[in-house]
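Under our numbering, the first residue of the sequence shown is numbered 3, with each subsequent residue one higher.
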Amino acid sequence: MAPTLGGARGGRPRPIRGCWTDFGTPCWKRELGRDLEGAFVSVRSVRRSGRVAVIGVGILGAGVGWNLSRHGAEVVFIDEGRPGEGVTNWSFSWVNASNKTVRRSYFDLNVAGMAAHRELARAIGPDSWWYPSGHLRWADDPAAEARFLETAELLAGWDYKVEVRTGAEVRRRLEPALTVPGRTPVLFYPDEAWVHGRHLVGRLVGRAVESGAELRSGTAVRDIGVGTDGSVRTVTLSDGSRLDVDAVVNAAGPSASRVAGLVARVLPMRREPGAVTRIGCARVPFHRVMHAPHVEIRPDGDASVVLHSREIDALIDTGEDPAELARLLHASAKRVVPELGNARIAQTRVAHRPIPADGFPSVGAVPSVPGYYEAVSHSGITLGPVIGRLLASEILSGERDGMLADFRPDRFSQ
Numbered sequence: 003m004a005p006t007l008g009g010a011r012g013g014r015p016r017p018i019r020g021c022w023t024d025f026g027t028p029c030w031k032r033e034l035g036r037d038l039e040g041a042f043v044s045v046r047s048v049r050r051s052g053r054v055a056v057i058g059v060g061i062l063g064a065g066v067g068w069n070l071s072r073h074g075a076e077v078v079f080i081d082e083g084r085p086g087e088g089v090t091n092w093s094f095s096w097v098n099a100s101n102k103t104v105r106r107s108y109f110d111l112n113v114a115g116m117a118a119h120r121e122l123a124r125a126i127g128p129d130s131w132w133y134p135s136g137h138l139r140w141a142d143d144p145a146a147e148a149r150f151l152e153t154a155e156l157l158a159g160w161d162y163k164v165e166v167r168t169g170a171e172v173r174r175r176l177e178p179a180l181t182v183p184g185r186t187p188v189l190f191y192p193d194e195a196w197v198h199g200r201h202l203v204g205r206l207v208g209r210a211v212e213s214g215a216e217l218r219s220g221t222a223v224r225d226i227g228v229g230t231d232g233s234v235r236t237v238t239l240s241d242g243s244r245l246d247v248d249a250v251v252n253a254a255g256p257s258a259s260r261v262a263g264l265v266a267r268v269l270p271m272r273r274e275p276g277a278v279t280r281i282g283c284a285r286v287p288f289h290r291v292m293h294a295p296h297v298e299i300r301p302d303g304d305a306s307v308v309l310h311s312r313e314i315d316a317l318i319d320t321g322e323d324p325a326e327l328a329r330l331l332h333a334s335a336k337r338v339v340p341e342l343g344n345a346r347i348a349q350t351r352v353a354h355r356p357i358p359a360d361g362f363p364s365v366g367a368v369p370s371v372p373g374y375y376e377a378v379s380h381s382g383i384t385l386g387p388v389i390g391r392l393l394a395s396e397i398l399s400g401e402r403d404g405m406l407a408d409f410r411p412d413r414f415s416q
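Written out as structure tokens, the structure is:
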């Protein structure tokens, strides 16, 4: 069993103000054991609160920290930048499970992530961050088209909503600004969405701070101290301050391997940089996330569009100038949406995706270092709300959720 959070600063986690069940049970205990569909799962009771340092305040760190804070833990967010302005802000930010079929348990986790977003929108309000407008995908060569249709058939068999439209139908009913050929099959995933990651992180961190959490931005973690029993005791920051803690959560994204090394753990990571460009326009002439031939496109508010392409990513290590990568992305985008031809390139960033070596999340306790937890994953936008809930529950109760069984950090120690 994973260690239960504890410490001398303890006491029972604070109930949410004014929130009790009909049977006198505080909401923190009721909500901690509730799964995403409203059923109850078996968890051990929360023993006491403690101080948790969350290292990295992107979508995963914000999700874990918010859940810990609202259930009574004393949370300290630590980030060398500003909340949500790292990889989270330079992600394609597509909420989906249609691209996660390589392993059924990973697909199921992403479906749970989608459900968690809907639940989160109800809990904190959807404005400024949640855009459940669906997703379109099509190809311009027969081999890719056949693969997409095969995947759609698999997903339908897994009860995942997918519709096959024609290009003509899409232009007529969904996105009239597109140039997709009339007879081309287009997959429409109505339950998928996009998220403004920075806004969501800001909302979660703000709620956590209202509950008593502390934010330390602009400072990095330099050391994690352990006691004679090997458990986490302190965190030392680059500004020279030292914090006494009961646990740390490594949600440091691309820096996760370095942070793991501070407790003598090896966390192998892939090197997969990605180029993302934002273009500004008078108005965004479409509403949905799209995977078109050679480019991925999504809205980013009323006057901005985000562009990405795996084909362009392949040019990063050739030494191509990021400005040229942006021009190539823009050229591909305006072939799909001609109205983007007059848009201006606003920003381009090459970001390093936080992907563990086997491609799957690393989430949960590391038994060899009591009090040390990881929340490291690609697809953090999709998974952030569900990982935040499940990992907070594990930290506070000591219970490991079966949904994370295939994604335990200790698989890298075997």
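Note that beta-carbon positions come from the ideal geometry of N, C-alpha and C, so glycine has one too.
Between which two residues does the beta strand (DSSP E) harbouring residue i extend?
i	result
E298	V297 to P301
P275	P275 to G282
V234	V234 to L239
V54	R53 to I57
E194	Counting along the chain, E194 falls outside any beta strand (DSSP E), and DSSP gives it neither H nor E.
G227	V223 to V228
E376	Y374 to V378
A367	S364 to A367
E165	E165 to T168
Alpha helix (DSSP H) containing residue i: first to last residue?
i	result
M116	R106 to I126
R149	P144 to G159
I61	I61 to R72
P324	P324 to V338
E396	G382 to S399
D315	R312 to D315
H201	G199 to E212
R244	Note, R244: premise wrong, no alpha helix (DSSP H); beta strand (DSSP E) at R244 to D246.
S418	Residue 418 lies beyond the range of the chain shown here (3 to 416); nothing can be said about it.
How long is the line joining the alpha carbons of residue i and residue j, rounded to whole angstroms?
i	j	result
V368	Y375	6 Å
A170	Y162	24 Å
A222	G255	13 Å
G60	R209	15 Å
R402	D129	33 Å
L2	R391	Not covered by the structure: residue 2. The range shown for the chain is 3 to 416.
T384	G65	11 Å
V268	S306	40 Å
G58	G86	9 Å
G404	H296	38 Å
N344	V56	43 Å
R167	A277	30 Å
S334	A117	32 Å
R280	V77	33 Å
I299	D142	16 Å
V54	R174	52 Å
R14	S399	Per-residue confidence for R14 stands at a pLDDT of 33, beneath the threshold of 50, marking its modelled position as unreliable; the derived number appears in the next sentence. Roughly 12 Å separates the two Cα atoms.
P411	N91	25 Å
G35	R413	Note that G35 scores a pLDDT of 41, beneath 50, so its modelled location is shaky; the value from the coordinates is reported in the next line. So the two alpha carbons sit approximately 26 Å from each other.
P183	G282	26 Å
For residue i, which option in the options has the closest C-alpha, if you only look at C-alpha atoms?
i	options	result
L331	D319, T350, V365 and G321	T350
A294	N101, G159, D110 and T181	T181
H380	G208, G115 and P85	G115
L206	F409, G63 and H354	G63
S213	G127, F94 and F79	F79
A154	P144, V188, G127 and A215	V188
R312	A262, R329, P275 and L239	P275
A262	R244, V237, A284 and A148	V237
G52	L245, W160 and E341	L245
L157	T320, N252, R272 and R105	R105
Within the same chain, show all residues whose beta-carbon is closer than 6 Å to that of residue i, passing over the 5 residues directly before and after it, in chain order.
i	result
E165	F190
K102	Y108, F109 and N112
T186	W140 and G169
R84	S219
D241	T221
W132	A123
Quick one: residues in its chain with C-beta nearer than 8 Å to the C-beta of residue i, no 5 flanking neighbours on either side, listed in chain order?
i	result
V234	I226, G227, V228, V247, D248, A249, V250, V265, V371, P372, G373 and Y374
Beta carbon of residue i, beta carbon of residue j: below 8 Å?
i	j	result
N98	E177	no
L327	L317	yes
V388	A377	no
L70	I397	yes
P356	A179	no
A359	P301	no
V172	L138	yes
S100	G199	no
L239	R260	no
G67	A258	no
H73	A394	yes
By Cβ distance, which residues of its chain are closer than 7 Å to residue i, with the 5 residues on each side in sequence left out?
i	result
G438	Outside the shown range of the chain (3 to 416) lies residue 438, about which nothing can therefore be said.
E33	Any reading at E33 needs caution, since the residue's pLDDT is 44, under 50, leaving its predicted position unreliable; the model's value is listed next. Taken in chain order, the list of residues that qualify is empty.
P134	A195
L406	V365, G366 and L392
Just to confirm, does residue i get its C-beta within under 7 Å of one of the non-hydrogen atoms of the ligand PLP?
i	result
A367	Looking at this structure, you won't find the ligand PLP or any other ligand, since it has none at all.
Less than 8 Å between CB atoms is the rule here; does residue i satisfy it with respect to chain D?
i	result
V228	Absent from the structure is chain D; it holds one protein chain and no more.
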